[in-house]
Amino acid sequence: MRYLVTCDRYFKDLPGGSERIAWELSRWAATRGHRVTLACGAETASTSCIDGVDVVRFPLSEGSPFPVRWPSHLLALHSALRSVQPLEGWDVAHAHTLLGGVATLLPAIRVRRRIATVHSPVVLEQELNWRDGSFAGELRWFSGRRVLARLERAWLNRCEQMTVLSEFTLRELRAQHGARLTTPVSCIPWWSARRSHRSRQRARQELGWPLEGTVFFTLRRLVRRMGLDVLVEAFARIAARSADGHLCIGGSGPERSGLENLVRARGLGNRVTFLGRLSDDDIERAYAAATAFVLPTRSLECFGLIALEALTQGCPVLAARVAAIPEMLDPIAPGCLFPPGDAGALADLLEGVRSGSLELPRAEVLKRYACERYGREAIERQYAALIEGGGVM
């Protein structure tokens with residue numbers, strides 16, 4: 019089978035939840051003997067074979083606002099797809115973004131069957147990106163939202179099958195499009211994959227983290243909606259009460275300097291470490307080393323892959339009660355959720371972990387829950403039915 023996957027970026031170029039899923043599905047399909055092409059944006063165009071997948075990067079122009087840059091991105095992707103299209107066309111085109119989905123509808127792109135995976139409804143995603151309090155942002159929002167909604171609906175209704183990762187995403191799509199959305203949809207979460215058998219002490223030694231005491235860990239793109247400023251403020255409150263406790267922040271992004279300034283302003287310079295981008299091995303070590311993982315997202319967490327990875331490692335998760343996160347955590351740790359944006363409530367949870375007054379699920383319980391609910395074998399069967407069989411089991 020000739021299988022085309024489209025996404026925003028190649029996962030190793032710019033790590034993210036949707037990028038990881040698109041990449042892992044591509045690698046998984048290649049191991050099953052399919053001819054796989056992954057088309058993704060990059061600073062410059064290139065083509066390479068990675069782990070049996072033909073990775074085709076097309077150039078993305080940055081700087082100009084939507085909708086000015088969107089046609090150029092679309093044409094760049096369309097040109098890249100035409101240049102690598104097999105003579106027979108593709109048997110399946112699986113789009114993980116609106117841009118990639120629309121590109122497969124354009125002339126000269128031959129596809130027998132189209133699949134859409136909606137990681138986040140595009141109107142909600144762009145509302146967060148555009149509505150920044152500026153006049154220009156409000157103008158982009160006012161002029162672009164209806165265009166985006168129509169494009170998304172046109173793409174989805176040309177697909178034979180659509181999937182989402184959470185019931186939250188499905189509800190939001192139906193709220194946006196209602197009965198005008200006619201494509202069959204299935205909710206297929208992602209699988210739990212990471213495993214580590216390191217002890218906490220060994221993992222901390224390997225990472226150079228404090229060997230004793232409480233260590234909180236988070237891994238996020240450093241942008242405002244991830245709520246990392248809320249986490250720093252909450253940590254500052256417990257740090258003022260006790261010398262025990264350290265916060266490790268992984269990831270990169272435009273908010274790093276602002277967060278570093280906030281850390282200095284709160285007098286936390288020796289209690290907070292910015293780790294930058296982490297390798298897969300170091301992420302596994304960090305889950306093993308942490309006392310708890312913290313997910314302080316303000317809004318639109320449409321699955322919570324990072325939380326699932328923590329649970330799979332047996333690492334407790336403290337998270338904002340937002341979007342799809344309660345679907346994952348309510349069954350196993352409802353007492354570990356806090357209202358989004360509430361630094362005081364998060365500080366109470368952090369202090370509960372530090373003092374031992376908050377009862378956390380044991381590592382074995384978390385691992386078993388992740389394995390039973392998000393086991394790879396069962397979810398792989400659903401993706402195999404979707405991609406290879408034309409339906410979901």
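Each position in the sequence shown, counted from 1, maps to that position plus 18 in the numbering used here.
Cβ atoms here follow ideal geometry from the backbone N, Cα and C, with glycine treated the same way.
{"Asked": "DSSP bridge partner residues for glutamine 179 (one or two, in chain order)", "Found": "Ile133"}
{"Asked": "First through last residue of the beta strand (DSSP E) which encompasses histidine 264", "Found": "264-268"}
{"Asked": "Element boundaries [beta strand (DSSP E), containing glutamate 294]", "Found": "A small correction: the amino acid at residue 294 is glycine; glutamate does not occupy that position in the sequence shown. That run of the beta strand (DSSP E) goes 290-294."}
{"Asked": "Isoleucine 68 - containing beta strand (DSSP E), residue span", "Found": "64-68"}
{"Asked": "Three-way DSSP call (helix, strand, coil) for valine 110 in this model", "Found": "strand"}
{"Asked": "For leucine 225, the three-state DSSP class (helix, strand or coil)", "Found": "helix"}
{"Asked": "Residue environment, glutamate 61, which counts as buried when at least 16 other CB atoms sit within 10 Å", "Found": "exposed"}
{"Asked": "From Trp173, Ala57, Arg38 and Leu199, residue whose alpha carbon lies closest to that of leucine 3", "Found": "The displayed coordinates of the chain run from 19 to 411. Any statement about residue 3 would go beyond what the structure contains."}
{"Asked": "N-terminal and C-terminal residue of the beta strand (DSSP E) that glycine 59 is part of", "Found": "53-60"}
{"Asked": "Contact between the region 251-264 and the region 360-368 (3+ Cβ pairs under 8 Å)", "Found": "yes"}
{"Asked": "Buried/exposed call for leucine 229, threshold 16 Cβ in 10 Å", "Found": "exposed"}
{"Asked": "Reduced DSSP category for tyrosine 387 - H, G, I as helix; E, B as strand; rest coil", "Found": "helix"}
{"Asked": "Touch test, the region 193-200 against the region 283-292, Cβ-Cβ under 8 Å, three pairs minimum", "Found": "no"}
{"Asked": "Helix, strand or coil at cysteine 333 [DSSP, three-state]", "Found": "coil"}
{"Asked": "Proximity below 9 Å, CB of arginine 20 to CB of aspartate 109", "Found": "yes"}
{"Asked": "Classification of histidine 215 by the beta-carbon crowding that lies within 10 angstroms, buried from 16 upward", "Found": "exposed"}
{"Asked": "Span separating the alpha-carbon of arginine 213 from that of glutamine 331", "Found": "6 Å"}
{"Asked": "Alanine 308 versus glycine 107: straight-line alpha-carbon distance, rounded", "Found": "48 Å"}
{"Asked": "Endpoints, beta strand (DSSP E) assigned at tyrosine 21", "Found": "20-27"}
{"Asked": "Same chain, Cβ closer than 7 Å to glutamate 185, five either side skipped, listed in chain order", "Found": "Cys205 and Glu345"}
{"Asked": "Three CB pairs or more closer than 8 Å across the region 168-185 and the region 143-150", "Found": "no"}
{"Asked": "Spatial distance of glycine 359 from glutamate 327 (CA atoms)", "Found": "23 Å"}
{"Asked": "Validate contact between the region 350-359 and the region 395-407 using beta carbons, cut 8 Å, 3 pairs", "Found": "no"}
{"Asked": "Cβ neighbour criterion (16 or more within 10 Å) applied to arginine 399", "Found": "exposed"}
{"Asked": "Expected contact under 8 Å - CB spacing of valine 141 and glutamine 194 to nearest Å", "Found": "6 Å"}
{"Asked": "Buried or exposed (CB count within 10 angstroms, at least 16 for buried), serine 90", "Found": "exposed"}
{"Asked": "Sequence-distant residues of the same chain with beta carbon closer than 7 Å to aspartate 31, five excluded per side", "Found": "Ala60"}
{"Asked": "DSSP-derived helix/strand/coil call for alanine 342", "Found": "coil"}
{"Asked": "Stretch pair the region 114-128 + the region 33-49: three plus CB contacts closer than 8 Å", "Found": "yes"}
{"Asked": "Valine 165 - DSSP class collapsed to helix/strand/coil", "Found": "helix"}
{"Asked": "For valine 102: DSSP bridge partner residues", "Found": "Answer by DSSP bridge pairing: none, since valine 102 is not bridged."}
{"Asked": "Residue span of the alpha helix (DSSP H) that contains threonine 187, given as start and end", "Found": "185-195"}
{"Asked": "Check whether arginine 289 and histidine 264 have beta carbons under 9 Å apart", "Found": "yes"}
{"Asked": "C-alpha distance - aspartate 298 paired with arginine 380, whole-angstrom precision", "Found": "24 Å"}
{"Asked": "Endpoints, the alpha helix (DSSP H) within which glutamate 366 is located", "Found": "Glutamate is not the amino acid found at residue 366; the sequence shown has aspartate there. Looking at the DSSP string, the run of the alpha helix (DSSP H) that includes aspartate 366 is 361-373."}
{"Asked": "Euclidean distance between Cα positions of alanine 94 and arginine 220", "Found": "47 Å"}
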